[in-house]
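A short worksheet on the structure shown next.
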Amino acid sequence: MNVPYSGRCACGAITYQCEATPIGMGNCHCRDCQRSSGTSHTSVVVVPSASLTIEGTNLQRYESAADSGTPVYRSFCSQCGSPLFAGNTKFPEFISIKAASLDDPSWFQPAIDIWISSAQPWCLMSPETEKFERDLPMSP
Ligand SMILES: [Zn+2]
Ligand SMILES: [Zn+2]
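Residue numbers are given in this note's numbering: position 17 of the sequence shown equals residue 29, and the series is strictly consecutive.
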C-alpha cells in the first residue's frame, strides 16, 4: 500500500484520504457487522483518527452497544448507504475504515478474525489469521 491512500462510497458523495500506515487489519464476524455489511463479516483497516480526512456532508452515524457492551458506531453515506467507517466511542483516537471502500482494496491483508463464535458456516476464513471467539481483549 502507498501512503496516503484514498477511498469513497459507491455514489461518490463521500471521499476520504488517509495519511498513516494502518495500525491493524482484521475481519469481524459479529451479528451487527453481518447485518450492516449484508454478508458474513466486515473487513476493516484501523488507523489513527487524526490521519483521516473525510470530505462530503452526508455521512450518517449510527451508534449502538456491541455484543460486548462497548459503545460502537458505524458511519455510512446517507445517499447510497455504503458502509465507510466504524469505531468505539471510548477510543476516539482510532477509526476503522471499511476495506472495500478503499480505491485499491487489494492490499488489505487481515491479521485477525474476531467474533468467530457467530461466524457463518458459508464464510471461508483464511487459515493464516489469528482467531478470537469474541472481541479482542483490548479492542480499539
Ligand atoms: Zn454515497
Ligand atoms: Zn463486528
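Note that the Cβ used here is the ideal one computed from N, Cα and C, for glycine as well.
request  = Flag this pair as yes or no: are the beta carbons of Leu-71 and Ser-87 separated by less than 9 Å?
outcome  = Going by beta carbons, Leu-71 and Ser-87 fall inside the 9 Å limit.
Short of 6 Å in beta carbon distance, which residues of its chain neighbour Pro-117, apart from the five on each side in sequence? Order them along the chain. Ala-111
Just verifying my parser: in three-state terms, what is the DSSP assignment at Cys-21? coil
(Q) When you compare the CB positions of Glu-105 and Ser-61, do they come within less than 9 Å of one another, or not? (A) For the 9 Å CB-CB criterion, Glu-105 and Ser-61 form a contact.
Check: Beta-carbon separation of Ile-124 and Gly-19 under 9 Å?
Finding: no
Self-check item: Rounded C-alpha distance that separates Asn-14 from Ser-130
Solution: Rounded to whole angstroms, Asn-14 to Ser-130 spans 34 Å at the Cα level.
### Query
With burial defined as no fewer than 16 other Cβ atoms inside 10 Å of the residue's Cβ, what is the status of Leu-136: buried or exposed?
exposed
(request) State the DSSP-derived secondary structure class of Pro-139, mapped to helix, strand or coil. (result) When secondary structure is reduced to three states using DSSP, Pro-139 falls in the coil class, being assigned neither helix nor strand.
**Asked** Looking only at its own chain, which residues have a Cβ that is under 7 Å from the Cβ of Tyr-74, when we skip the five neighbours before and after it?
**Response** Tyr-85 and Arg-86
TODO: Kindly provide the chain-ordered list of residues whose Cβ lies closer than 5 Å to any non-hydrogen atom of ligand 2.
DONE: Chain-ordered list of matching residues: Cys-40, Cys-42 and Cys-45.
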